[in-house]
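Residue numbers (this note's numbering): 3 to 377. Think of the CB as a built atom: it goes at the ideal place given N, C-alpha and C, for glycine as much as any other residue. Heads up: the structure comes next, in structure tokens.
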């Protein structure tokens, strides 16, 4: 059975609009309401920075520092999790200094160490156009799904992209060193196969979970998923070295084409996640705006279930402005679904009435600039 970590306290210093914030939490469902710009999303962002990656805003480390503050920030939580009470915290001091991460006051190598205690998944308004947007947006979305299960995925993606840039620079030279180019391509291939394998496994497992639990009458339609990736078909039951050699050979054959294009045209960097509205069997981008929102929300909730199954701990879910575009039926269904998931969920919305149907044991706060008070 998965464990269900609960955040019991959030502390912020000089983070965005908050000079200081200490917030006590004692509920599984947490609602933050307030006017636009009051600082609701800032709280979710602070929580998201306790997970590998750049947080839900994908901001630079210096960006959350409070205007007119000292230039740094801290964010920490007290968590009741698999190992009992634990304190997780990050501190950023100044430009050029890496963020410091601590568990119960002891410095750890990176925020990835928090994954033993906490997993996070989120949905933000920026993702509302995911199905109609470019493939790059869906790749980032998929990598976020993978990262919640496999904390090492982000570093592999970064290393792959760095190696690919090196190859692009070499191809741009008049007479690149053939041995060096071949060595770089083998590095690209090894990293690319690892990235594609992680993506393919996550999509396969998520699609399987959706198939096992789908309900055509649900307020949140089930999604049919397909990963389109040049490298994934190369990965079979044999050793990874076979797939790596096949990808390296593909890169060699593509040199002239990639040189003319100024970039690699085949590989994980060109992958796409194809999503269909399952009950209607239509491409997700052809569904209505409301249907797309419900489909995306259903996909995120299914992913949260997968994280719990694969990691052994239910993730904390962050839903930014999630209820505003749901009709009353779907809004009530959302709160019922979240209450049954036995996880902690943090939600934001401008109108407090959006949360009137939440269960009685929920906790509601009113957010004004720099302050958070019980609603």
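Reference residue 232; option with closest CA among 25, 223, 44 and 251
In terms of CA proximity to residue 232, 251 leads the group 25, 223, 44 and 251.
Thinking C-alpha only, which one of 17, 122 and 136 is nearest residue 317?
122
Can you check whether the CB of residue 52 is closer than 8 Å to the CB of residue 116?
Inclusion of residue 116 and residue 52 in the CB contact set at 8 Å is warranted, their separation being smaller than that value.
In the DSSP assignment, find the unbroken beta strand (DSSP E) run with residue 33 in it and report its ends.
31–35
Neighbourhood of residue 371 by C-beta, 7 Å cutoff - its chain only, sequence neighbours within 5 removed
19, 40 and 41
Rounded separation between residue 234 and residue 275 - CA only:
12 Å
For the putative contact between residue 59 and residue 170, defined by C-beta atoms under 8 Å, what is the C-beta separation to the nearest angstrom?
Not confirmed; about 28 Å, so no contact.
3-residue-minimum beta strand (DSSP E) runs that sit fully inside the region 21–80, ordered along the chain:
31–35
So, at 8 Å on beta carbons, what are the nonlocal neighbours of residue 21 in its own chain, with the 5 sequence-adjacent residues on each side left out?
Around residue 21: 15, 68, 71 and 372.
Return the chain-ordered list of same chain residues with a C-beta closer than 8 Å to the C-beta of residue 35, the five sequence neighbours on each side being excluded.
42, 350, 351, 352, 353, 354, 356, 357, 366, 367, 368, 369 and 377
First and last residue of the uninterrupted alpha helix (DSSP H) at residue 300:
Residue 300 -> alpha helix (DSSP H) spans 291–313.
C-beta atoms of residue 248 and residue 267 nearer than 8 Å
No, these two residues do not count as a Cβ contact at 8 Å.
May I ask you to report which of helix, strand or coil DSSP gives residue 18?
coil
Contacts around residue 221, its chain only, beta-carbon distance under 7 Å, and the 5 residues preceding and following it disregarded:
296, 331, 332 and 335
Residue 25: which of 4, 176, 49 and 7 sits nearest, CA to CA?
49
Proximal residues to residue 287 (C-beta, below 8 Å), its chain only, five neighbours per side dropped:
133, 134 and 294
Look up residue 274 in the DSSP assignment and say whether it is helix, strand or coil.
strand
Could you give the C-beta distance for residue 322 and residue 147, rounded to a whole number, given that I count them as a contact under 8 Å?
Not a contact, Cβ separation roughly 17 Å.
Pick out whichever of 328, 93 and 192 has its Cα sitting closest to the Cα of residue 244.
192
Sub-8 Å separation of residue 84 and residue 195 beta-carbons
Not in contact: residue 84 and residue 195 (Cβ atoms no closer than 8 Å).
Tell me where the alpha helix (DSSP H) around residue 244 begins and ends.
242–255
Short of 6 Å in beta carbon distance, which residues of its chain neighbour residue 337, apart from the five on each side in sequence? Order them along the chain.
359 and 360
Exposure label - residue 150; buried when at least 16 CB within 10 Å:
buried
Quick one: give me the first and last residue of the alpha helix (DSSP H) that residue 156 is part of.
155–173
Beta-carbon contacts of residue 229 that lie in its chain and below 7 Å, excluding the five residues immediately before and after:
Excluding residues within five positions, the ones whose Cβ falls inside 7 Å are 201, 202, 205, 273 and 275.
Mind reading off the beta-carbon distance from residue 156 to residue 55? Whole number of angstroms is fine, and I expect it under 8 Å.
5 Å
Please say whether residue 278 and residue 226 have beta carbons closer to each other than 8 Å?
yes
Quick check: residue 302 and residue 125, are their CB atoms within less than 8 Å of each other?
yes
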